[in-house]
Structures are given as C-alpha cells and as structure tokens.
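Number of protein chains: 2
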Amino acid sequence: MPRKTIAPTDQESADSKSARTRARLLDATAKVLARKGFSGTRLSDIAEEAHVQAPAIYYYYPSREDLIEAVLFAGAKAMHEFLTERLAELPATTSPSDRLAAAVEAHLRHELELSDYARAVIRNANQMPEQFSRRALETVAQYNEIWRGLIEDLAAAGLLRSDVEPSVGRMLVLGALNWSVEWFDAKRGSLDEVIAVAKSMVLHALRP
Amino acid sequence: MPRKTIAPTDQESADSKSARTRARLLDATAKVLARKGFSGTRLSDIAEEAHVQAPAIYYYYPSREDLIEAVLFAGAKAMHEFLTERLAELPATTSPSDRLAAAVEAHLRHELELSDYARAVIRNANQMPEQFSRRALETVAQYNEIWRGLIEDLAAAGLLRSDVEPSVGRMLVLGALNWSVEWFDAKRGSLDEVIAVAKSMVLHALRP
Numbered sequence: 000m001p002r003k004t005i006a007p008t009d010q011e012s013a014d015s016k017s018a019r020t021r022a023r024l025l026d027a028t029a030k031v032l033a034r035k036g037f038s039g040t041r042l043s044d045i046a047e048e049a050h051v052q053a054p055a056i057y058y059y060y061p062s063r064e065d066l067i068e069a070v071l072f073a074g075a076k077a078m079h080e081f082l083t084e085r086l087a088e089l090p091a092t093t094s095p096s097d098r099l100a101a102a103v104e105a106h107l108r109h110e111l112e113l114s115d116y117a118r119a120v121i122r123n124a125n126q127m128p129e130q131f132s133r134r135a136l137e138t139v140a141q142y143n144e145i146w147r148g149l150i151e152d153l154a155a156a157g158l159l160r161s162d163v164e165p166s167v168g169r170m171l172v173l174g175a176l177n178w179s180v181e182w183f184d185a186k187r188g189s190l191d192e193v194i195a196v197a198k199s200m201v202l203h204a205l206r207p
Numbered sequence: 000m001p002r003k004t005i006a007p008t009d010q011e012s013a014d015s016k017s018a019r020t021r022a023r024l025l026d027a028t029a030k031v032l033a034r035k036g037f038s039g040t041r042l043s044d045i046a047e048e049a050h051v052q053a054p055a056i057y058y059y060y061p062s063r064e065d066l067i068e069a070v071l072f073a074g075a076k077a078m079h080e081f082l083t084e085r086l087a088e089l090p091a092t093t094s095p096s097d098r099l100a101a102a103v104e105a106h107l108r109h110e111l112e113l114s115d116y117a118r119a120v121i122r123n124a125n126q127m128p129e130q131f132s133r134r135a136l137e138t139v140a141q142y143n144e145i146w147r148g149l150i151e152d153l154a155a156a157g158l159l160r161s162d163v164e165p166s167v168g169r170m171l172v173l174g175a176l177n178w179s180v181e182w183f184d185a186k187r188g189s190l191d192e193v194i195a196v197a198k199s200m201v202l203h204a205l206r207p
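Pasting the structure below:
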C-alpha cells in the first residue's frame, strides 16, 4: 500500500480545503526539493507542481524557507513516528535481533514508500542553513538514538561482534538503508525482497 | 596522506599556471557543488572560492554546466582509477574475500580523503540534466561493474550466502560506504577504524 503523502496535521480536519492545499504544498515541495536541492527549489516550481498560484503559497507559509523547513520536519517526524510505532507493536518478549530486524523493515518501508520526503530529508538536512533545519535535525538525532539503543541491546545480549565499534556499525547500517532511495525502483524490483536481504545482511554484519 | 584535489590532466603540465588555475576551478566547483547542489551552484560562488574573477572562468570552460560536468566526470573517473589500481596491485592469488576487502578500503579511503568530489558525485550525479551527467554516470556504471564482478567471484567461490540477491547485496554495501561521506569526521574519528569495521561487516554480511 504505497503512500506518497504526509497526512494533514491533527489540528486540521482531513477534509477541509485548507488542510488539503497545505498537504499538497508539502508534497509538491518534497518532490521539488528531492530533485533540485535546497538552493535550487523555487516557489514557482512548487506552485506549478501543486497547481496553485505562487502568491497563494504565502497564505500558508511566510517564506520559501519556512515551507522547506516544514517539509524536512514533517519528513523526519513521520520517519520517527513510523519506527516508534512499529517497535511499540512488538511483544515485550521480542529478542534484540528481532527488534533490529523490525527496525530495518520499518526504515526501508517508510523510506521507499514515502520516497520524495525521504530523499528531501536525506539529501538536504545536512545542507540547509541551520535556522531552517534545527527541528528536522533534532528529530533525525532522536531517530538515531532509537538505533543506538537497538544496537546497545544487541551488545548487552552478547550479540554484537567485538570488532564492530557500535557507532560506526550503526552509521554503516543506516547508510546502507538510506542509500536505497537512490537506487530502488519499485517498477523493477520487489520491496519485500530488498527488506529480506537487508535484514539478513544487517544481522550477519553485526552478530558473532 | 589526505588529498583534497584532482590532479591536472595528462595533457597539461602540472606546473603550468593554466593547469593550476583549472585544477583550482575544479576543486572550488566540487566544494560549492557538494554544499549547494547542481541548481544552487553559481559561477560567482565558484569564482570567489577559487579566487578568480568570474568572467575569467569562461577562458577555461564555456559554461557553468560544462564546469560542473567536468567535476562530476573527474570525480567519478578518479574513483574508478583508484579502485582499478588498488585491485591491480594485489597478487594474482588473492582470494575473492580479500579482493572485496581491498575494494572496501579503496572506496572509503578515496571517498573520505577526496570528500568534496565524492560528495559532489554522490549528491548530484542522479540529479543533473542528462546531457551534463552522461560521462559521469557511464563511469559510475563502470565502477559498479567492478563491484558486480567482485561479488560474482565471491559467489563462484561458494562464499555468497544463498539469501543474498547479488545486486541488492551490492547496492546495500555501496550505500553503506557512500553514505559515510555524510557522517565521517576526520577530526573525531579514525579512518582506519572505519575501514576495519566496514571490511568486517561487509564480509560477514555477504558470506555464509
């Protein structure tokens, strides 16, 4: 069930015209940002993509930078929420290995189904002027903390190889997953296959 | 021995002023491109970074796009040459596992020492208009072919786990390595440690 959009916020009813326009602006910005990067993203491109008049954007967001910030934050927040929810659903007795495998699946599924947002965050979060990326970067840091905990739990259970420095291991794993947005093509490959291979490779890469 | 520059081409003597200016323009473009992306890279920024007058750039490159193309191609070509040379140096009796480990080291060392070019290629090769990225993308494809061969050789020796689809496995490995340009900080971590952890993780991720 592919999703390509960020749901309207809680404050807004999903069926109000304003909420729909706002969601369309975020989706359009994610798409342009993923393709052209922060410096190359113009309001005129966003307006064209969203089928709104460019000046109308200012009714929703005070500036181009605020709109881009909203997309990066929404993208990072959705990623964080999705992983948190998937982990919370697991039975309390789930092993550290199975929790890590579930996180690999959650990351790939979310990233590759919501790929404009993922690509926008992945390609731009480190390139944005700091005042426009603070919330997104904080959320990405919280996301990384979840992964740090998963690998710590693996180590505590004696399941992390002694030659794997935990933070280097974590970043190599997240890199393998993040980068999939650059090459995965749903028309040519199966997401389930990528998830299965990634789970197996990640567990073998880390465990004794 | 960190390198931050692309050597002048064979056609030019390394000590000619023209060759040095050209190399400085390439280095400056790589730096701006890595930070601002294709759409956001302006000739004025490049000129400032390279300490030349903007109009003088046209003496060396007919357009902004030609200069960016030259950087992406130089970056991809240097990556390809570096790996090819490291593999050629190995004794003929080197095992498929050791050849793969040598490739992991070559990729990381080159990428993290020449990080502006690597970041420019990694972040922009897929976003450039096709007429300006053809040579770079062809070179990246040739680079990927080397990796395909390394993993094929591993499989032929019975050293690729049956649950690892080779092309998915290759892209996850290259993703883990490519992404390191986003997080590795030579001031805070040791490149040798990252290389050692990556070698161990890649071999464990793929082998029975």
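So the protein lines, in turn, are chains B and W. Using numbering that gives the first Met the number 0, read the first sequence as starting at 0 and increasing by one per residue. Using numbering that gives the first Met the number 0, read the second sequence as starting at 0 and increasing by one per residue. We put the beta carbon where it would ideally sit given N, CA and C, even for glycine.
Let me know if residue i comes out buried or exposed under the rule of 16 or more other beta-carbons within 10 Å of its beta-carbon.
{"i": "W:MET0", "result": "Reliability fails at W:MET0, whose pLDDT of 41 lies under 50, so the model's placement of it is uncertain and no value is given."}
{"i": "B:TYR57", "result": "exposed"}
{"i": "B:ASP191", "result": "exposed"}
{"i": "B:LYS16", "result": "exposed"}
{"i": "W:LEU89", "result": "exposed"}
{"i": "B:ALA55", "result": "exposed"}
{"i": "B:LYS35", "result": "buried"}
{"i": "B:HIS79", "result": "buried"}
{"i": "B:THR138", "result": "buried"}
{"i": "B:PRO207", "result": "exposed"}
{"i": "W:THR40", "result": "buried"}
{"i": "B:ASP162", "result": "exposed"}
{"i": "B:PRO95", "result": "buried"}
What does residue i reach in chain B if we use C-beta pairs closer than 9 Å?
{"i": "W:MET170", "result": "ALA175, TRP178, SER179, GLU181, TRP182, PHE183 and VAL193"}
{"i": "W:SER199", "result": "ARG160, ASP162, VAL163 and ALA204"}
Quick check: the Cα distance between residue i and residue j, rounded to an integer number of angstroms?
{"i": "B:SER199", "j": "W:ALA73", "result": "36 Å"}
{"i": "W:GLU84", "j": "W:ARG108", "result": "13 Å"}
{"i": "B:ALA105", "j": "B:PHE81", "result": "7 Å"}
{"i": "W:THR92", "j": "W:MET170", "result": "27 Å"}
{"i": "W:ALA119", "j": "W:TYR59", "result": "20 Å"}
{"i": "W:LEU202", "j": "B:ALA156", "result": "22 Å"}
{"i": "B:LEU205", "j": "B:GLN141", "result": "22 Å"}
{"i": "B:ALA77", "j": "B:ALA87", "result": "15 Å"}
{"i": "B:GLN52", "j": "B:ALA100", "result": "45 Å"}
{"i": "B:ARG187", "j": "W:ALA175", "result": "22 Å"}
{"i": "W:ARG63", "j": "W:ASP26", "result": "14 Å"}
{"i": "B:THR20", "j": "B:ALA117", "result": "21 Å"}
{"i": "W:ARG133", "j": "W:PRO165", "result": "26 Å"}
{"i": "W:SER189", "j": "B:GLU112", "result": "35 Å"}
{"i": "B:VAL172", "j": "W:GLY148", "result": "23 Å"}
{"i": "W:GLU144", "j": "B:ASP65", "result": "42 Å"}
{"i": "W:LEU159", "j": "B:GLU48", "result": "45 Å"}
{"i": "W:GLU129", "j": "B:ASP97", "result": "42 Å"}
{"i": "W:ALA185", "j": "B:HIS50", "result": "45 Å"}
{"i": "W:ARG23", "j": "B:ALA102", "result": "44 Å"}
Can you check whether the C-beta of residue i is within less than 8 Å of a C-beta belonging to chain W?
{"i": "B:ALA155", "result": "no"}
{"i": "B:PRO1", "result": "At B:PRO1, the pLDDT of 46 sits below 50, so the modelled position is not reliable; the number obtained from the coordinates is stated separately. So, not an interface residue."}
{"i": "B:HIS109", "result": "no"}
Which residues of chain B have a Cβ atom closer than 8 Å to the Cβ of residue i, listed in chain order?
{"i": "W:PHE37", "result": "LYS35, GLY36 and GLY39"}
{"i": "W:SER114", "result": "What W:SER114 touches in chain B: nothing, since even the nearest Cβ is about 13 Å away."}
{"i": "W:ALA53", "result": "Within 8 Å Cβ-Cβ: nothing; W:ALA53 doesn't reach chain B, min ~18 Å."}
Beta-carbon of residue i versus every beta-carbon of chain B: anything under 8 Å?
{"i": "W:HIS106", "result": "no"}
{"i": "W:ASP97", "result": "no"}
{"i": "W:GLN126", "result": "yes"}
{"i": "W:ALA204", "result": "yes"}
{"i": "W:ARG187", "result": "no"}
Can you name the residues of chain B whose CB is closer than 7 Å to the CB of residue i?
{"i": "W:GLN141", "result": "Per Cβ cutoff of 7 Å: no residues; W:GLN141 is ~16 Å from chain B at best."}
{"i": "W:ARG122", "result": "ARG122"}
Quick one: which chain W residues come within Cβ less than 8 Å of residue i?
{"i": "B:VAL196", "result": "ASP162, VAL163, GLU164, VAL167, GLY168 and LEU171"}
Inter-stretch contact at 8 Å, needing at least 3 Cβ pairs: the segment 174 to 185 of chain W / the segment 149 to 165 of chain W: no
Meets three-Cβ-pair contact criterion under 8 Å: the segment 122 to 132 of chain W and the segment 60 to 76 of chain W: yes
The segment 21 to 36 of chain W contacting the segment 44 to 54 of chain W, beta-carbon criterion three pairs below 8 Å: yes
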